[in-house]
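So the sequence shown is numbered by the working numbering: it starts at -6 and just counts up by one.
Only one structure is covered here, and it is reproduced in the block below.
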Amino acid sequence: MSTFEELIAANERVEPRDDMPDAYRATLVRQIAQHAHSEIIGMQPEGNWLTRAPSLRRKAILLAKVQDEAGHGLYLYAAAETLGVSREELLDALHAGRQKYSSIFNYPTLSWADIGAIGWLVDGAAIVNQVPLCRCSYGPYARAMVRVCKEESFHQRQGFELLHTLSHGTEAQHAMAQDAVDRWWWPSLMMFGPPDDASTHSAQSMEWGIKRFSNDTLRQRFVDMTVPQAEALGLTLPDPDLRWDEEAETWRHGEIDFTELFEVVKGNGPCNAQRLGHRVQAHEDGAWVREAAAAYARKQAEKGRAVA
Ligand code: BYC
-6 MSTFEELIAA NERVEPRDDM PDAYRATLVR QIAQHAHSEI IGMQPEGNWL TRAPSLRRKA
54 ILLAKVQDEA GHGLYLYAAA ETLGVSREEL LDALHAGRQK YSSIFNYPTL SWADIGAIGW
114 LVDGAAIVNQ VPLCRCSYGP YARAMVRVCK EESFHQRQGF ELLHTLSHGT EAQHAMAQDA
174 VDRWWWPSLM MFGPPDDAST HSAQSMEWGI KRFSNDTLRQ RFVDMTVPQA EALGLTLPDP
234 DLRWDEEAET WRHGEIDFTE LFEVVKGNGP CNAQRLGHRV QAHEDGAWVR EAAAAYARKQ
294 AEKGRAVA
């Protein structure tokens, strides 16, 4: 059997049964847990509009998207469990503020157009970040990403289509779409994490084949992909310094205010307290479901033993 170093050097997958350094395991638990928490907390901003979707068709689409996010979360908790932690421990760490979730979900959804902006920009950024994770060195995380990315591509398109409809609707609808893009653009760029020179984990994670590209590289890829899409939507991105660099064949964006990212990550974003409070409350309210499921599992096990 190959050693961990041999697997990484050969660009092969590390599987749960393989020996791995404690720090590799800890980094994966940190990142996968943070990712799972993001999916679960990420249901809240969109869930806020389920009862107010403007048509039955839009409501059904949004309901399916939010349910997909729950599925992604559970899938990722299961991937983390292969590293020897339980879902319960991870949720406890989230609820106690010991583990993070993505900064982006601490912003409010003020209008229906925000649902389009989340699909187009937030899912769009998530896909750019996650497609390389399909080649992550840890097998269960990489396989989870393949499925998650497929579904998120669909989510991204529905966001684009929603915004396209609004942008080509009445003047008020166009203004609502533009306002949503104005508010979500910069936070979407911050999703990729701090700039490379302030990223604590990138170098080691890239050496281990967990991350394949740096935060800035992926952020730039997202900008290059999104600028032409904004044009197709008939909407503008709120960056007066955005310009095409002919020589480098890339879009140069204005300066990102990373102090905002650090403040949101520290807990000082517009909705941090609300999001975490809501999550803890939902967990407490669901205690009876967990108890009932455990009682049912115990009964089934007893029945199984009696038959044997
Ligand atoms: N927000 O060394 P760095 C979705 C933290 S959900 C908060 O660069 P790393 C969706 C970072 O954790 C998909 N914290 O870190 C759901 C670290 O702190 P710790 C979400 C952030 O891990 C519903 C410190 O800053 N996607 O698609 O190498 C509706 C230094 O950073 C953030 C994922 O989770 C942030 N934005 O790289 C719609 C992708 N950025 O842990 C859509 C998986 C950084 O040392 N995660 N921090 O205390 C990753 O790819 C990486 O973890 C990151 C950060 C690129 C985010």
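Virtual Cβ for every residue (Gly too), placed ideally from N, Cα, C.
By the Cβ criterion, the stretch 18 to 36 is in contact with the stretch 198 to 205, since at least three pairs of Cβ atoms, one from each stretch, lie closer than 8 Å. When DSSP states are grouped into helix, strand and coil, residue 245 belongs to the strand group. In the DSSP assignment, residue 237 forms a beta bridge with 244. For residue 173, the CB contacts under 7 Å within the same chain, skipping 5 residues up- and downstream, are 104, 106, 107, 109, 110 in chain order. By the criterion of a C-beta distance shorter than 7 Å, residue 124 is surrounded in its chain by 142, once the five residues flanking it on both sides are discounted. Annotation for residue 152: the continuous alpha helix (DSSP H) segment containing it runs 132 to 160. If you draw a straight line from the Cα of residue 219 to the Cα of residue 53, it is about 27 Å long. Relative to the ligand BYC, residue 93 has its C-beta within less than 7 Å of a heavy atom. Beta-bridge annotation (DSSP): residue 7 is paired with 131. Between residue 36 and residue 97, the C-beta gap is not smaller than 8 Å, which leaves the two residues out of contact.
Short note on residue 198: C-beta closer than 7 Å to some heavy atom of the ligand BYC. Remark: the C-beta of residue 265 is outside contact range of the ligand BYC, defined as less than 7 Å to any heavy atom. Every alpha helix (DSSP H) stretch that sits fully inside the stretch 76 to 121 and reaches 4 residues is listed by chain position as 80 to 88, 106 to 110.
Rounded to whole angstroms, the Cβ separation of residue 170 and residue 156 is 5 Å, and the two are in contact under 8 Å. Boundaries of the alpha helix (DSSP H) around residue 292: 280 to 300. The C-alpha of residue 64 is placed about 15 Å away from the C-alpha of residue 146. In its chain, beyond the 5 residues on either side, 54, 112 have a beta carbon closer than 6 Å to the beta carbon of residue 151. Closest in alpha carbon position to residue 140, among 263, 293, 66, 76, is 66.
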